[in-house]
Structures are given as structure tokens and as C-alpha cells.
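Residue numbers (this note's numbering): 369 to 606.
A virtual CB, placed ideally from N, CA and C, is assigned to each residue, including glycine.
Computed from a predicted structure; not experimentally measured.
For reference, the structure is listed below as C-alpha cells.
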């Protein structure tokens, strides 16, 4: 029995055939599973001779009708899709940059029985800040659903263990960039970002640059990862 056949059989066992009846004339789970595998195949990036990076964040777009039919089973189905995708990745020597997530949403331009998949590689991000530090911070960096307070003297972002915030992105150097925080009397701290001699450099609001001041809403991209600066209180005197 093939991997996709086992997947379909397991789903039917999980939900006692109700799923199969609901989807008899709509999108079939096995079709979604096969499409997710193709999405990985088509977007694999070579890391080394034996390792290729693939997306780990997937959004399955369906018609509202199909989404409504899916709703009672979406949690069980998503977990089985993740398991099947992990099995495929193991067979193909694929590497996910972080946890695999699969979400379902409606798309007005899709009719019953049709679906579309959007994907991206979203690196796992690890920092050392406590919830209290994050909550009290006057400035933060948001990246891949995580928040990291910017306090004097600043933070180093990179892939290595020596970085303050670690990003599991192969396009990121071990010590890639540093946010430098300088206190100013009577106003908000001055925040700058500078490249630390990384291999691939950085983009600040779409411009390649080595060092600049940042403000609320500034976006910094390193490797495949984009982060956003959030400032609660910002001095208008730059």
C-alpha cells in the first residue's frame, strides 16, 4: 500500500467514514496530501549534497462550500497531513526550517472541488527573553510570530548559538546583524541595525544597506526571514 493510500485509509478510520461521505463530490483529502508533497518538491532549495530545504508553513485555500464540509474534521485531517508530509520529507532528505503548520481558508475565486496551496519557509526563532520582559518592552522585534525586546545595549540575530536570537534559516549567518540600542535622556532610545559582516547581507525596507537607524514599522530581511521593529514610544527627533 502506498503512502497516500495509507493516509486515506487512516483518515477513514479516524472519522468512521463520515469524512468520505462528506467529501464524495468535493475536494478529496488524498488530493490535498499529494499537492502538499508537490509543493515541497517544487520549492526545494539545495543546502548540501544530501539536504534540501522545503516550506513548512502551508495554507490550503478552498471554496466556502468545501471549507464548511471540512470544518468538523480539519484538526484530525491537518495532523494526518503533517504526518504524511513528514514521511515524504524523510524519504526525500528534505529539511523543514521549523515546525510544520497547515491551515485551511476560503477563497472566493475557487469553486467546489478546486483548491490552491500557498506555502513559505518560516524559520524557527529562539530567544532568551521572558514574558515579563516582552510585556514591559518599549521596543521589540517581531519575527515569525515571536517577539524580542530591544533594550540597552541591544541584540544579535543569527543562526549560531552565540546569537541572542537564533533563527534557523540557512541564509542567515551565525552572527548576522545587531540591533544597537543607545539611551537618550528625555526621549526614546536610539535604535540602529548593522550588518556584522554576514555572507548575504541585509535589506532594510527593501534597500541593501550595512547600517542605519530604525523606527516603528521598519522591516529588516536576512536570508529568507523578515522581521519588523515595533516601538511603543518613539522620539520624533532622529
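Query raised in the report: Can you tell me the Cα-Cα spacing of residue 498 and residue 466, whole angstroms?
Result: Taking the first residue of the chain shown as 1, we reach residue 498 at position 130. Taking the first residue of the chain shown as 1, we reach residue 466 at position 98. Those two C-alpha atoms are separated by around 21 Å.
Requested in this report: Could you give the DSSP three-state label for residue 425: helix, strand or coil?
Outcome: By one-based count along the chain shown, residue 425 stands at place 57. Correct three-state label for residue 425: strand.
Query raised in the report: Does the distance from the CB of residue 493 to the CB of residue 424 come in under 8 Å?
Result: Residue numbering aside, residue 493 sits at position 125 when the chain shown is read from its first letter. Residue numbering aside, residue 424 sits at position 56 when the chain shown is read from its first letter. No, Cβ-Cβ distance for residue 493 and residue 424 is not below 8 Å.
Query raised in the report: Do you know offhand how far residue 516's Cα is from residue 495's?
Result: For the purposes of this step, residue 516 is identified with residue 148 of the chain shown, where counting begins at 1. For the purposes of this step, residue 495 is identified with residue 127 of the chain shown, where counting begins at 1. If you take the alpha carbons of residue 516 and residue 495, they lie about 7 Å apart.
Query raised in the report: How many whole angstroms separate the CB atoms of residue 487 and residue 407, which I take to be in contact at a CB cut-off of 8 Å?
Result: Within the chain shown, numbered from 1, the residue matching residue 487 stands at position 119. Within the chain shown, numbered from 1, the residue matching residue 407 stands at position 39. At roughly 5 Å, the Cβ-Cβ gap stays under 8 Å, so residue 487 and residue 407 are in contact.
Requested in this report: Please work out which residues of its chain come closer than 8 Å, Cβ to Cβ, to residue 564, disregarding the five sequence neighbours upstream and downstream, and give them in chain order.
Outcome: Looking up residue 564 in the chain shown gives position 196. For residue 564, where only same-chain residues beyond five positions count, the Cβ hits under 8 Å are 524, 526, 541, 543, 544, 545 and 546.
Requested in this report: Kindly indicate which three-state DSSP category residue 595 falls into: helix, strand or coil?
Outcome: Residue 595 sits at position 227 when you count from the first residue of the chain shown. Residue 595 falls in the strand class under three-state DSSP.
**Report entry** Cβ-Cβ distance between residue 587 and residue 593 below 8 Å
**Finding:** Here the question's residue 587 lines up with position 219 in the chain shown. Here the question's residue 593 lines up with position 225 in the chain shown. The answer is no: Cβ separation not under 8 Å.
Query raised in the report: Whose C-alpha, out of 414, 506 and 455, is nearest the C-alpha of residue 402?
Result: For the purposes of this step, residue 402 is identified with residue 34 of the chain shown, where counting begins at 1. For residue 402, the nearest C-alpha among the options comes from 455.
Query raised in the report: What is the residue span of the alpha helix (DSSP H) that residue 479 lies within?
Result: Numbered from 1 along the chain shown, position 111 holds the residue referred to as residue 479. Segment: none, residue 479 is in no alpha helix (DSSP H) and carries neither H nor E.
Report task. Could you check the C-alpha separation between residue 568 and residue 428 for me, to the nearest Å? Result -> As a working note, residue 568 is residue 200 in the chain shown. As a working note, residue 428 is residue 60 in the chain shown. Going from the Cα of residue 568 to the Cα of residue 428 covers about 32 Å.
Query raised in the report: Does the Cβ of residue 605 have 16 or more other Cβ atoms within 10 Å, making it buried, or fewer, making it exposed?
Result: The sequence position of residue 605 within the chain shown is 237, counting from 1. Because residue 605 carries a pLDDT of 49, less than 50, the predicted location of this residue cannot be relied on, and no value is offered for it.
Query raised in the report: With DSSP run on the structure shown, which of helix, strand or coil describes residue 494?
Result: Numbered from its first residue, the chain shown carries residue 494 at position 126. Residue state, collapsed to three classes: strand.
Query raised in the report: Based on the DSSP output, what are the partners of residue 507 in its beta bridges?
Result: Counting from 1 along the chain shown, the entry for residue 507 is found at position 139. Answer is 599.
Report task. For residue 470, collect the residues of the same chain with a Cβ closer than 7 Å to its Cβ; drop the 5 residues on either side in sequence, then sort them by chain order. Result -> The count along the chain shown starts at 1 and reaches residue 470 at position 102. Contacts found: 426, 428, 446, 449 and 450.
Query raised in the report: At what residues does the alpha helix (DSSP H) containing residue 432 begin and finish?
Result: By one-based count along the chain shown, residue 432 stands at place 64. From DSSP, the alpha helix (DSSP H) with residue 432 extends over 432-438.
Query raised in the report: In chain order, what residues of the same chain lie with their CB nearer than 8 Å to the CB of residue 461, ignoring the 5 residues before and after it?
Result: Taking the chain shown and counting its residues from 1, the one referred to as residue 461 is at position 93. Closer than 8 Å at the Cβ level, and outside the excluded window around residue 461, lie 418, 419 and 420.
**Report entry** residue 483 vs residue 434 beta-carbon contact at 8 Å
**Finding:** Position 115 of the chain shown, counting from 1, holds the residue named residue 483. Position 66 of the chain shown, counting from 1, holds the residue named residue 434. Yes. Within cutoff.
Requested in this report: Identify every run of the beta strand (DSSP E) within the region 502-553, keeping only runs that are complete inside it and at least 3 residues long; order them along the chain.
Outcome: 507-511, 514-517, 522-526, 533-535 and 545-550
Query - Straight-line gap, residue 554 to residue 598 (C-alpha atoms, nearest Å) - result: Against the chain shown, residue 554 aligns to sequence position 186. Against the chain shown, residue 598 aligns to sequence position 230. Cα-Cα distance, rounded: 20 Å.
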